[in-house]
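S.K.:
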Amino acid sequence: MPACETLLETLLPDALVFFSDEAHFHLSRYGSKQNMRYWSGNNPRELHERPLHSDKVTVWCALSRVGVIGPYFFEEDNHGITVNSQRYVDMIFLWGYLKAEVFKHRTTNLL
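Residues 4 to 114 (my numbering) make up the sequence shown, in order.
#1: From this set, F22, V69, L11, H29, which residue's C-alpha is nearest I84's C-alpha?
#2: Do you know offhand how far W63's Cα is from D93's?
#3: Once DSSP output is grouped into helix, strand and coil, what is the label at N57?
#4: Taking Cβ to Cβ, would you say F77 is nearer than 7 Å to V86?
#5: Report the three-state DSSP secondary structure of L19 (helix, strand or coil).
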């Protein structure tokens, strides 16, 4: 709690803080063995074979006081790719650029 209180005291009242994360979602019925457990009433040593490198997609999303940003899917040629620093910077730039273009001309009447 002291770290949270220090952060709240340090931030300006109108500071725009983003909390972001990315996750891999496997496209097959197999998931990460770190996140999945099998419970068997019959055979505790039952084997579950799965492919070594299954297809997956990497998704990024962020939260801030203005709302949810994303999801953003990292892929090339319909294949999931890993997030590196250059792809992350490109994604942040693209999101900011598109937002600026979309809201360049605000309308007051939708009719």
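All C-beta atoms in this analysis are idealised placements derived from N, C-alpha and C, irrespective of residue type, glycine included.
Quick caveat: nothing in here was measured; it's all calculated off a predicted structure.
M.R.: This is what the structure gives:
#1: H29
#2: 13 Å
#3: Strictly speaking, residue 57 in this sequence is Ser, with Asn absent from that position. Of the three classes helix, strand and coil, the one that applies to S57 here is coil, per DSSP.
#4: yes
#5: coil
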